Amino acid sequence: MSAPTPGRAVTSRTVAQALAARLHGARRDAREAACRAITRSPEDLRALVPKPTTTPQGAAPMANYYGIARTNYVRVTDADALTRALEPFDVKLVRRPDAPDTVAILDDSDGGGWPSVAYDSFDENDEELEFDLVALVAPFLLDGEVMVAMESGHEKHRYVSGWALAFNNRGETKSVSLEDVYALASELGSTVTRASY
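The sequence shown lines up with residues 4 to 200 when you count with our numbering.
This is the structure in structure tokens:
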């Protein structure tokens with residue numbers, strides 16, 4: 004799928020489809036923006052839809068984004084119910100053999116990384132079902148448990164991206180991005196270049 008064409012009505016479905024296509028072949032900035040803000044309104048998603056671009060003659064084509072995502076193991080109140088809640092999405096719940104209510108979540112998509120929406124899954128208003136890891140999992144976490152979700156990826160050697168999000172059953176969150184290193188690096192010296200081309 005590609006970005007909506009000029010003059011075409013932009014619906015949340017076309018936005019989600021364009022975003023999904025963008026995420027699987029994404030540039031770092033758009034992908035990390037989508038990942039950091041796991042829950043966004045359709046209006047916010049429109050800002051992430053890429054503008055159509057062309058490759059200059061003689062330029063090398065862009066590489067595919069390859070990512071991977073997973074969580075730590077946490078104890079949950081009902082692993083079977085959590086499995087059902089995650090069914091529409093390209094994720095896989097794994098249980099520890101010695102503790103069946105101790106689970107982790109792994110991405111299970113072709114492009115790697117956390118999904119943005121459930122494909123071919125629409126609610127009663129014909130809106131795609133958005134993937135909100137915190138909203139889906141937090142109600143199942145036992146008191147004191149903190150889930151840590153991580154994702155990293157790359158487009159060959161063009162760049163490496165990554166982020167992590169921690170949350171509890173109260174929906175409190177903390178997050179960090181590999182991009183945060185640039186602010187830290189600027190404390191060490193005045194010349195800090197980006198690790199990308």
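Even glycine gets a Cβ: it sits at the ideal position worked out from N, Cα and C. Please read these numbers as outputs of a predicted model, since none were measured by experiment.
Asked	Found
With 16 other Cβ atoms within 10 Å as the buried cut-off, status of Asn-172	buried
Three-way DSSP call (helix, strand, coil) for Pro-100 in this model	coil
Cβ distance (whole Å) where Phe-134 is taken to contact Phe-170 below 8 Å	Not a contact, Cβ separation roughly 14 Å.
8 Å CB neighbourhood of Trp-117 in its chain, flanking five on each side removed	Cys-38, Ile-41, Ala-72, Val-94, Asp-110, Phe-134, Leu-136, Ala-152, Glu-154
Member of Thr-74, His-160, Val-140, Val-120 whose CA lies at the smallest distance from the CA of Glu-131	Val-120
Whole-Å CB distance - Val-163 paired with Ala-198, under 8 Å assumed	7 Å
Which of helix, strand or coil DSSP assigns to Tyr-185	helix
First and last residue of the uninterrupted alpha helix (DSSP H) at Ala-138	136-140
Arg-197, DSSP secondary structure in three states	coil
Rounded straight-line distance, which links the Cα of Asp-81 to that of Trp-166	27 Å
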